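Please read the structure below before turning to the comments.
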Amino acid sequence: MSDTYDYDLVVVGGGPAGSSAAFEAAKNGTRVALIEKEESIAETVRTSGVTWIKNIKEFGIPDDCFNPIRNFSFCSPNNEVTISDSVPRAAVLDVRKTYRWLAKQAEKSGTDIFVKTNVNEVIKNDKGDIIGVRASGPNGKITFNSKVVIDASGFPSTVCKAMGYVTQWERFGAGAEYEVKAENVDSETWWLMVGQQYSPAGYAWIFPLGDNIVRIGVGVGKPESDVDPMQRLNELIDNRVGPIKKLGKITQLEFHYGLIPNDGLSRQTVFNNLILVGDSAGQANPLVLEGIRYAIRFGRVAGKVASDAIKSGNTDKNSLYPYEDHWRKEIESKINSAGRVQDRWIGLTDEEWDKELNIIKELKSEEFLDFIKADFGLSNMVKLATRHPKLAVRQLFNLVKGKN
Ligand SMILES: Cc1cc2nc3c(=O)[nH]c(=O)nc-3n(C[C@H](O)[C@H](O)[C@H](O)COP(=O)(O)OP(=O)(O)OC[C@H]3O[C@@H](n4cnc5c(N)ncnc54)[C@H](O)[C@@H]3O)c2cc1C
């Protein structure tokens, strides 16, 4: 059996980028199909879900979707630092609840959601431009004709790869994580753990979710290291390394695994009738490889620009360019700066990490958060680079400014 649908906009991928794009486009009066291959939205969790309360509020995400974080602890083999804030500014999301809320918002705005529908082919016109996709659904093949397609399929970048516009990401992070119930949890404090024993090119983490639940994970940069994050995670938990020991008895609830692009902002993200957003566009902060807030923010921009272009009757690359212009202006220089810091961090030895933590100790909480969020320029980054009494601190922040 083969069904055919005609939509103005087809969004491939029901993650945060796809749901946000669909929401904004449907709100703007466009007929939207949101296509997700899994049984339900957020069936598989592939993320640790750390984000920032300012962004959560901006997006209108409900308070019962996250656990607030106020203390930021870092440990290296022989050093430890905790930066405490007077109010919580970071958060660990209930990922499933949040992603389903985002999809619900899209549905309430008029989006038709197709789950269990795997997009596996693109439809092109005689000029070679995309004019729809084909998918396998629960009842057989489905054809979706559309004026614009948004590729929000995440790391696999299904649509733009099928169009021949991109190849597989070369540099990426691989992460493995257990969601566990633990005996002793400080629900306001996260841990980032650095050094060879945790991850030779990356870091390990403990992110609390409330109710004595935490996510313990390991991220490894590829191709820099061939360590398997799942194996390393099991070793760290079996040997109760570092702050994992403080958690006491651990009961595993769920396992998460995922890949995140780390090739910088290397991709063109608009083509005739096509937009790439979220992980398929490589929009992630390389310092901690976080991309959820960018996926939501730029998903919404993509949805608005696509629906405006559809209304105008012109959906070529130039009409969709305001989307690329918007996100480049907002994050390109920050991501480039963060990439320079990441390059420094990936090469650090254990002894160097111990010293790096001494630099981090010098930061006030808002400086630390702006730094880790790659929101350089917002607080005192320039002052830190020029006036800080410690040379090591000045050197790190000069790197952010691109002066080293
Ligand atoms: C281990 C790990 C930890 C992370 N931790 C954080 C963190 O703490 N904070 C943070 O901000 N970011 C984190 N990230 C990154 C974050 O998860 C991504 O940046 C974010 O999920 C990108 O959203 P997206 O909508 O672009 O893609 P995704 O969330 O990957 O969503 C893509 C969707 O498309 C669907 N799909 C794919 N192919 C098809 C197809 N052919 N047909 C139909 N549907 C399809 C998928 O099933 C999926 O639902 C982490 C990533 C990893 C791997």
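Numbering of the sequence shown is given in this note's numbering, commencing with residue 9 and proceeding in unit increments.
All C-beta atoms in this analysis are idealised placements derived from N, C-alpha and C, irrespective of residue type, glycine included.
Predicted model only: the values in this text are computed from it and were never measured.
The residues E187, V188, A190, V193, I214, F215, P216, L255, in chain order, have a CB closer than 8 angstroms to that of V222 in the same chain once the five nearest residues on each side in sequence are set aside.
Taking each of I300, E340, A346, N280 in turn and checking the Cα distance to D134, the smallest one comes out for N280. Boundaries of the beta strand (DSSP E) harbouring H264: 258–269, taken from the DSSP string. Within the same chain, and ignoring the five residues on either side of G57 in sequence, the residues whose Cβ sits closer than 6 angstroms to its Cβ are V100, L101, V103. Around the beta carbon of A400, fewer than 16 other beta carbons sit within 10 angstroms, so the residue counts as exposed. A distance below 7 angstroms separates the beta carbons of R179 and D271. Here D159 carries a strand assignment [DSSP, helix/strand/coil].
Restricting attention to alpha helix (DSSP H) runs no shorter than 4 residues, the stretch 154–232 encloses them at 166–170, ordered along the chain.
Pairing D383 with K391, the inter-Cα distance amounts to about 15 angstroms. Here DSSP, grouped into helix, strand and coil, assigns I91 to strand. Here DSSP, grouped into helix, strand and coil, assigns R395 to helix. Following the DSSP letters along the chain, one finds I318 inside the alpha helix (DSSP H) bounded by residues 300–320. Take the alpha-carbon of D246 and the one of I300: they are about 30 angstroms apart. In the DSSP annotation of this structure, E370 is not part of any alpha helix (DSSP H), being labelled neither H nor E. Less than 7 angstroms separates the beta-carbon of A34 from that of T119. Within the stretch 94–163, the complete beta strand (DSSP E) segments at least 3 residues long are 98–101, 120–122, 126–132, 138–145, 148–159, listed from N- to C-terminus.
Straight through space, the alpha carbons of T394 and S288 are spaced by roughly 37 angstroms.
The three-state reading of DSSP puts F405 in helix, counting H, G and I together. Between ligand 1 and the CB of S161, the shortest heavy atom gap is smaller than 6 angstroms. DSSP lists no bridge partner for T55. The beta carbon of T52 sits closer than 7 angstroms to the beta carbons of E46 from its chain, once the five residues preceding and following it are set aside; these are given in chain order. In this structure, A143 keeps its C-beta atom at 7 angstroms or more from the C-beta atom of S27. Remark: the C-beta of G21 is in contact range of ligand 1, defined as less than 6 angstroms to any heavy atom. Inclusion of K45 in the 6 angstroms shell around ligand 1 follows from its C-beta lying nearer than that to a non-hydrogen atom of the ligand. Judged by the Cβ position, E375 fails to qualify as a neighbour of ligand 1 at the 6 angstroms threshold, every heavy atom of the ligand being at least this far.
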